[in-house]
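Data block below; observations after.
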Amino acid sequence: MLYLDVDWCLAQLPALSGAVRLAAPQPMLRGADLFLQYQHIVQLTQQQRTAELPAAIARLLRELPLCPMPPERLHGSSERLLDRVTASLPVPLSLDALADEFALRKETLIRTFKQDTGLTPASFINMARIEYARRRLRAGDEIADVGYQAGFADQSHFHKTFVSYTAATPRQYALGRSISDNN
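The sequence shown begins at 1 in full-length UniProt numbering and counts up by one.
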């Protein structure tokens, strides 16, 4: 699996395609050429040839079957949910309570949000929390504090979620390492 920095990736994709928004119709890709490019990126990473990585990743991104999407506004409920999540990361959000507040069924809120963003609300919340944690860890904050501030109930949940999204433990990430450095 290839994990890219969200801000960097968002800056690259429109430049590569000329579109403001892009969608990937297939969540998983199978293709020999794409796999070879991916293996090359992994090899560059393992050999710590970081100067060559941006160009290799850009080549891979150009080959992905991405579809340009017209810029459009999100549904009001999706926009409000995005605002609520980004404004209150440490506070656990109840989708049931938010659906009541927005006068929608929970299922409708989830479906609309996924149509607008490509993610379920739970996935978006986890991604927002992990992105916040990554910024705080880069700034040198203590891991225990970061997990709590990002809204995780305990260190175990923070650790497990962080590893699943970044392929590194919080400590490894803070030190600029990845799980592959364990070998």
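C-beta: ideal position from N, C-alpha, C; glycine also.
Residues of the same chain with a CB within less than 6 Å of the CB of R30, apart from the 5 flanking positions on each side, do not exist. With fewer than 16 neighbouring CB atoms inside 10 Å of its own CB, A51 falls in the exposed class.
Here the C-alpha atom of P121 lies approximately 16 Å from the C-alpha atom of A103. A distance below 8 Å between beta-carbons, with the five flanking residues on each side excluded, links I130 to the following residues of its chain, in chain order: A150, T161, F162, Y165 and T166. The way I'd put it, the region 132-149 doesn't touch the region 102-118; fewer than three beta-carbon pairs between them come closer than 8 Å. Between Q46 and F152, the alpha-carbon positions lie close to 31 Å from each other. Put simply, of L95, A174, K106 and A32 the residue whose alpha carbon is nearest the alpha carbon of A133 is A174. For P170, the uninterrupted alpha helix (DSSP H) segment begins and ends at P170 to A174. Counting only residues of its own chain and dropping the five nearest sequence neighbours on each side, R84 has a CB closer than 8 Å to the CB of L93 and L98.
With a contact defined as Cβ atoms closer than 8 Å, D116 and S78 qualify at about 4 Å.
Fully contained in the UniProt domain "HTH araC/xylS-type" (79-176) are the following alpha helix (DSSP H) runs of length 4 or more, in chain order: 95-101, 106-117, 121-138, 143-149, 155-166 and 170-174.
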